[in-house]
Each structure stands twice: as structure tokens, then as C-alpha cells.
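Top to bottom, those sequences are chains D and X.
Position in the first sequence counted from 1, then plus 483, gives you our numbering.
Position in the second sequence counted from 1, then plus 483, gives you our numbering.
All C-beta atoms in this analysis are idealised placements derived from N, C-alpha and C, irrespective of residue type, glycine included.
Given the structure is predicted, the values throughout are model-derived calculations rather than measurements.
As C-alpha cells, the structure follows; a few thoughts come after it.
Number of protein chains: 2
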Amino acid sequence: MAKTSQAAGLHRASLAKLDDLDAALELMYYGWRGMTLEADAYLAKQGLSRPHHRILYVVARRPDIAIGSLIDILGISKQALNRPLNLLLERKLLTSKRSPEQHRSKLLRLTAAGQRIEQRASHRERKVLREAFDRVGAPGAAGWMGVMEAIADSN
Amino acid sequence: MAKTSQAAGLHRASLAKLDDLDAALELMYYGWRGMTLEADAYLAKQGLSRPHHRILYVVARRPDIAIGSLIDILGISKQALNRPLNLLLERKLLTSKRSPEQHRSKLLRLTAAGQRIEQRASHRERKVLREAFDRVGAPGAAGWMGVMEAIADSN
DNA sequence: ATCCTGAAGTCAACATAGTTGACATGAGGA
DNA sequence: TCCTCATGTCAACTATGTTGACTTCAGGAT
Chain D
484 MAKTSQAAGL
494 HRASLAKLDD
504 LDAALELMYY
514 GWRGMTLEAD
524 AYLAKQGLSR
534 PHHRILYVVA
544 RRPDIAIGSL
554 IDILGISKQA
564 LNRPLNLLLE
574 RKLLTSKRSP
584 EQHRSKLLRL
594 TAAGQRIEQR
604 ASHRERKVLR
614 EAFDRVGAPG
624 AAGWMGVMEA
634 IADSN
Chain X
484 MAKTSQAAGL
494 HRASLAKLDD
504 LDAALELMYY
514 GWRGMTLEAD
524 AYLAKQGLSR
534 PHHRILYVVA
544 RRPDIAIGSL
554 IDILGISKQA
564 LNRPLNLLLE
574 RKLLTSKRSP
584 EQHRSKLLRL
594 TAAGQRIEQR
604 ASHRERKVLR
614 EAFDRVGAPG
624 AAGWMGVMEA
634 IADSN
């Protein structure tokens, strides 16, 4: 799962615009890339990658989540969850224990080490957002949120 | 490369927020997903996927682009480009011919069929953006662009 | 005790999307 | 003819996902 990482990331290509919204379309692409670039590099240094971070991120915000719920939230199959989850357990970034009442399900929690990595990875993503928000000011940030909410809820 | 597609996509999970910017972070994730969802479904129906669309998108905006330049813009290896590019050539969505002067390089162009698919796929992505922009109005849209530019150029 | 069920775990086969490395081909230019 | 550049191709590998088919673990019901 580890990759050597390449740090510097892919300058924006200058392409002719066939539509007014082509610029926006490309910004979404480079925006996503830009937000995740440093976090991915950090994760790669830890021998982890995006799927691991997604797991850590969700468990951090839903302590004692059951594995089945995690599968639902991540939107992947239990087989796909299996490998990254086991790696996180082996590396003691997560713990799992049977629920006290519902012994059928297992509850996941971050260890201190898991928390640290989750925080550092997420921090790198938020840092990119924070700097962008600071540059455009509160009204621009509010506009961004409004647009993104509209897009996210367009399904 | 074709997948059966699942159409409806993954409602936003409600997670506790550990940081003010967690909401923004999640919006970027779901925003990217939301923008590409319908386009991906359309592409899957055509037996194509995201890498094919990226090729079609770039060639549409850089007619007569050489393969080497395409590799640079996409940021992948020529071996990775090989399969999707050959599929597009076989399906006659792209043509390649030697350059008149620089016989060493081959120039890529979209066929009419390739143009149609590129337009329909990109249209689906822009449609999501357009509706979001319409919902928030011009100032919000401008804010969105500003933030995304700041993020995209943060590398 | 036995059977059923729900949650989790595991194994195999496959698809997709990418990587490096090595080498072949095609077309000028010296 | 030889060199070089752009392209093409083969092989092996990694990573992330999919389905399908089982198994195991833990209660609950009869």
C-alpha cells in the first residue's frame, strides 16, 4: 500500500475552454487533488493510504461504531474493508471489542496512536481549506460551502 | 472496464464534528462524488470510465495533441495510458495520425462519435455545477471559484 | 441440547487503474 | 549507417475494489 510519494503535484494544465463551466469543472478536479496531496504524502510515509484514513476519520467521529455501520458509511464491501481494517488493528491504531449488550457486533475505537495519525492527516487537509478560506474571506467561504452543499445534496 | 453502475449514490453520513472545518472537508469529498456520479454512470453505460473521459476531455480541448503531451497533462505513465487510449482508438472515438512536419509524433483528434461522448459526459458534470451555482447566485459562485483556485494553486 | 439468525471473517476469482523495467519499432537527422 | 526521439508493447507488480461462497462466533427460540 505504501508508495514512495512524489510530493510536488501536477501543475494545472492550460486547456482551451469549450464551455463557460469548463474552468469550474477543472477546478473541482484540481481542488480535490490539492486538498488531499499533502495528507496522502503523510499517510504514505506511515505506510497508509486513503482507505485507511477514511476508516480512521469515521471511527474518530463515531467511537464504538460497529463494523457493519462502518461498511455502510464507507460504501464499500466488507471484503474491501477487510484488509485496511486488519492492518489498522495489527498496527494497533484501532481496537475492536465485543459490545457489552450486543455481543454479536464488534465496536471499533481509535488508540492514542490511531488518533494521532488521524489528526495529522485530517489536519493537512483542513489546513489547505483554511488557507484558501482565509485568502478569500468569510463571504467567499460561505459561498463555497453553499455551492458544495448544493452539489453534495444533488443526488 | 465497464461496471454495472449503481446510480443512486451514498447519502452523506452524519458524523460528529471534531473541528470547525470537518464539515468543509466532508463537503469536498461529497462534492467531488456528486459532480462525477452521473457522468460515471453514463460512461459505464458506454463501456468507458473516468480515465477514458479524461483522455477525451483533454483531446477535445487540445486537438492534434501529441501522445507525449497527453501523458504529461494526465500525469500518468505511457503504459497506463496505453490501454484506455487503444480502446478509444479501436472504438473510433479518437484518431491518430503522424504529424505533417514532425513525423515522429502522432497527433490525436476526436471523431464525431468521440466528441459526442465527451460532450455528454462533461455536460453531466457541468450540469451539477450549473444547478449549484444557480441555487446560490453569482456572488456564491464567485466565492466558490476563489476558494477552489486558492486550493488548486496551493501546491 | 438443537436449530436459526445476525454479525463478522475469510478465501478465491476477477476487474480496474496504476507503477517500473526492459525492449522493439518507426522516422528523421548527422 | 548510426543515433535519437516518440511511440508501442510485454511482463511483473501493487492497490483498491467487486461477487460469490463459505465459515465462525454469539445469542435467541423451541
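The bridge partners DSSP lists for Arg592 of chain X are X:Thr578.
Counting C-beta pairs closer than 8 angstroms gives three or more between the segment 527 to 542 of chain X and the segment 563 to 570 of chain X, which meets the contact rule.
The Cβ-Cβ distance between Trp515 of chain X and Trp515 of chain D falls below 8 angstroms.
Interface flag for Ile554 of chain D against chain X is unset, since no Cβ pair is found closer than 8 angstroms.
Contact annotation, Leu612 of chain X with Ala596 of chain X: C-beta distance approximately 25 angstroms; criterion of less than 8 angstroms not satisfied. For Asn565 of chain X, the enclosing alpha helix (DSSP H) begins and ends at Lys561 to Glu573.
At a cut-off of 8 angstroms between C-beta atoms, Tyr513 of chain X counts as an interface residue with respect to chain D. Scanning its chain for C-beta atoms nearer than 7 angstroms, with the 5 sequence neighbours on each side dropped, one finds around Ala506 of chain X the residues Lys500, in chain order. Sequence-ordered contacts of the segment 530 to 557 of chain D with chain X read Val541, Ala543, Arg544, Arg545 and Ile556 [C-beta pairs closer than 7 angstroms]. Among the CB atoms of chain D, one or more fall inside 8 angstroms of the CB of Asp502 of chain X. Counting along the chain, no alpha helix (DSSP H) covers Gly530 of chain X, and no H or E run does either. Pairing Met518 of chain D with Met511 of chain X gives a Cβ-Cβ distance under 8 angstroms.
Judged by DSSP in its simplified three-state form, Ala499 of chain X adopts coil rather than helix or strand. For the segment 615 to 631 of chain X, the set of residues with a beta-carbon nearer than 8 angstroms to any beta-carbon of chain D comprises Ala615, Phe616, Arg618, Val619, Pro622, Gly623, Ala624, Ala625, Gly626, Trp627, Met628, Gly629, Val630 and Met631, in chain order. Judged by pairs of C-beta atoms under 8 angstroms, the segment 543 to 554 of chain D does not touch the segment 614 to 625 of chain D, as fewer than three such pairs exist. Note on geometry: alpha-carbon atoms of Ser588 of chain X and Leu526 of chain X lie some 29 angstroms from one another. Within the DSSP bridge table, the entry for Ile548 of chain D names D:Leu591 as partners. Under a 10 Å Cβ-count criterion, Ser497 of chain D is classified as exposed, with fewer than 16 other Cβ atoms of the shown protein chains found around its own Cβ.
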